[in-house]
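Taking mature numbering (1 follows the signal peptide of the UniProt record, and there is no 0), I'd label the letters of the sequence shown as residues -25 to -1, 1 to 337.
The structure appears below as structure tokens.
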Amino acid sequence: MKRTMYKKVTLLLLLGVLLMISACEQEENIPATKNITTVTSVEQEKGVEDTIKIGFVMGTLLEERWQKDRNLFKKAAEKLGAQVEILSADGDDALQIWQAETLISKGVDLLVIIPQNAESAAAIVEKAHSAGVKVLSYDRLVTNAEVDMYVSYDNEKVGELQAKAITRLVPKGKYVYIGGAEIDNNAHLIKKGAFSVLQPLIDKEDITIVFDQWTKDWQPANAKENIELALDANGNQVDAIIAPNDTTAGAIMEVLEERGLAGKIPVTGQDADLAAVRRIVSGEQAMTVYKPIQDLTEKAAELAVKLARGEEIDIDLNINNGKVEVPSVLLPPVAVNQVNIDETIIADGFHTKQEVYHHNDH
């Protein structure tokens, strides 16, 4: 009887020990599972918080090239893990300031700006800095402001390439100079580069500048009005036209076409717009200045992300914008004419051979 009772007690004790061990194992496993879940949750939240948010305010999307800039910059920045919100001011500098304020209020880490008005955009830089947001000036430099960084093409070189190309074709004669927008710092740099080539020829009296005017807001309608005034003032007797970009060159070509002068007076351009490249092929436009947009957007995206993260950036070049020396990166532009379209624009995939040469094929 006692032996039976002993066995029962022993069995109960063993059962109790087993239950305790099982309970302990469950208790140990529960916190471990919670810890794993918590760590994953924290990492996910941290990943969201660490995502760089970039606001990009553009002056306009009128020109074909700006649409390429928008799409390629977004792609390049997102590839680096950034979120990008892009707004266009449609040529309205007051609207651009409001758009920048909107992006700043949304908590962007960095603001990229293509200023519609180089002077008034200084207010954007001031507002951004007040909110602790750094500013990268893209393609066009904001003047008289403490811009953190500037990425563009060498715009003096753009003007130089335009002038060199046209003076080779017309070493002597009457020249019309149509500039870009006076409120755009790039337009001044392009003109400076052009006149570094033209001035010695002017001094020698080989060429004469018979008309020199800015194009308000880079608008084709204003360029058209300018060239009409220039041709009227000179009885259609001009020998060369320096146009600031391909969009304005297109408007100028319309006037030349109307007056039976298309292909008879060399016209320059800039941006390698598809319509302009086709005009070069047909002999209506003398040249354009090609600025590989992908190179610019990738470099700008890289620097924007580094700047937003506070990483060290080694830059040798500084450009004075009227207030400070702005750390700057300038990429080289390329002159394009009938001879080198294939090895530049088409080779880079900027436009396809089909688009350039066979667009009228059925």
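Glycine included, every Cβ here is placed at the ideal spot set by N, Cα and C.
* Within the chosen definition, does the segment 213 to 220 reach the segment 107 to 119 through at least 3 CB pairs nearer than 8 Å? -> Contact between the segment 213 to 220 and the segment 107 to 119 is absent, because fewer than three Cβ pairs lie under 8 Å.
Residue 124, DSSP secondary structure in three states = If DSSP states are grouped into helix, strand and coil, residue 124 belongs with the strands.
Check: Given residue 95, which residues of its chain have a CB within under 6 Å of its CB, disregarding the five upstream and five downstream residues?
Finding: 68, listed in sequence order.
Would you kindly check if the distance between the Cβ of residue 65 and the Cβ of residue 27 is under 8 Å? Their beta carbons are not under 8 Å apart, which means residue 27 does not touch residue 65 by this criterion.
key: Ordered list of alpha helix (DSSP H) runs contained in the segment 229 to 308, each at least 4 residues   = For secondary structure counted as the alpha helix (DSSP H) over 4 or more consecutive residues, the segment 229 to 308 holds these complete runs in sequence order: 249 to 257 and 268 to 284.
Quiz item: Thinking C-beta only, is residue 185 closer than 8 Å to residue 203?
Solution: Contact check for residue 203 against residue 185 fails: the beta carbons are separated by 8 Å or more.
Q. Does the distance from the C-beta atom of residue 125 to that of residue 257 stay below 8 Å?
A. No; because the gap between Cβ atoms is not below 8 Å, this pair is not in contact.
Item to complete: Note down, in chain order, each residue of its chain lying with its Cβ closer than 6 Å to the Cβ of residue 270, except the 5 sequence neighbours on either side.
Response: Excluding sequence positions up to five before and after residue 270, its CB lies within less than 6 Å of the CB of 306, all in the same chain and listed in chain order.
Counting only the same chain and skipping the five closest in sequence on each side, list residues whose C-beta sits under 7 Å from that of residue 190.
Excluding sequence positions up to five before and after residue 190, its CB lies within less than 7 Å of the CB of 153, 154, 155, 156, 197, 198, 201, 219 and 223, all in the same chain and listed in chain order.
Extent of the continuous beta strand (DSSP E) to which residue 60 belongs:
Looking at the DSSP string, the run of the beta strand (DSSP E) that includes residue 60 is 58 to 63.
| field | Through-space distance from residue 55 to residue 88, alpha-carbon basis | value | Annotation: residue 88 to residue 55 spans about 19 Å, alpha carbon to alpha carbon.
What are the start and end residues of each continuous beta strand (DSSP E) run of 3 or more residues lying completely inside the segment 130 to 188, in chain order?
Listed in chain order, they are 148 to 153 and 182 to 188.
* So what does DSSP say about residue 79, is it helix, strand or coil? -> When secondary structure is reduced to three states using DSSP, residue 79 falls in the helix class.
Whole-angstrom distance between residue 92 and residue 338, CA atom to CA atom:
Here the chain has residues from -25 to 337 only, and residue 338 is not among them.
Closer than 8 Å is the cut-off here; do at least three beta carbon pairs connect the segment 162 to 175 with the segment 123 to 138? Between the segment 162 to 175 and the segment 123 to 138 there are three or more inter-stretch CB-CB distances shorter than 8 Å, so the stretches are counted as touching.
Check your understanding: Regarding residue 52 and the ligand SAH, is the C-beta to nearest heavy atom distance less than 7 Å?
Key -> With respect to small molecules bound, the structure shown includes none, and the ligand SAH cannot be examined in it.
Quiz item: Can you round the beta-carbon distance between residue 150 and residue 183 to whole angstroms, since I take them to be within the 8 Å contact cut?
Solution: Correct: roughly 7 Å between the Cβ atoms.
Check each candidate in 287, 49 and 259 and name the one with the smallest Cα separation from residue 240.
The candidate whose alpha carbon is nearest that of residue 240 is 259.
field: residue 159, buried or exposed, once every other Cβ within 10 Å from all chains shown has been counted against 16
entry: Within 10 angstroms of the beta-carbon of residue 159 lie 16 or more other beta-carbons, which makes it buried.
task = Determine the burial state of residue 86: buried for a count of at least 16 other Cβ atoms within 10 Å of its Cβ, exposed for fewer.
result = Buried: at least 16 other Cβ atoms inside 10 Å.
In the DSSP assignment, the alpha helix (DSSP H) including residue 331 goes from what residue to what residue?
328 to 332 is the extent of the alpha helix (DSSP H) around residue 331.
Review point. Does the beta-carbon of residue 235 have 16 or more other beta-carbons within 10 angstroms, so that it is buried, or is it exposed?
Key: Classification of residue 235: exposed, given that the 10 Å Cβ count is below 16.
For the segment 270 to 289 against the segment 42 to 50, are there 3 or more C-beta pairs whose distance is under 8 Å? Yes: the two stretches touch, three or more of their Cβ pairs being nearer than 8 Å.
Requested in this report: Measure the C-alpha to C-alpha separation of residue 51 and residue 74 and round it to an integer number of angstroms.
Outcome: Rounded to whole angstroms, residue 51 to residue 74 spans 22 Å at the Cα level.
Considering only C-alpha positions, which residue in the set 131, 123, 172 and 101 is nearest to residue 142? With distances taken between Cα atoms, residue 142 lies closest to 172.
### Query
What's the C-alpha gap between residue 226 and residue 242?
Straight-line measurement puts the Cα of residue 242 at about 11 Å from the Cα of residue 226.
Through-space distance from residue 318 to residue 331, alpha-carbon basis: Near 13 Å, if we compare the C-alpha coordinates of residue 318 and residue 331.
**Item:** Pair within 8 Å by beta-carbon distance, residue 246 and residue 263
**Value:** Yes, Cβ-Cβ distance for residue 246 and residue 263 is below 8 Å.
| Residue burial classification, residue 162 (beta-carbon count within 10 angstroms, cutoff 16) | Of the other Cβ atoms in all chains shown, 16 or more fall within 10 Å of the Cβ of residue 162; this residue is therefore buried.
Counted within 10 angstroms of its Cβ, other Cβ atoms place residue 284 as buried (16 or more) or exposed: With fewer than 16 Cβ atoms within 10 Å of its Cβ, residue 284 is classed as exposed.
Query raised in the report: Under three-state DSSP, which class holds residue 85?
Result: In this structure, residue 85 counts as strand in the three-state DSSP scheme.
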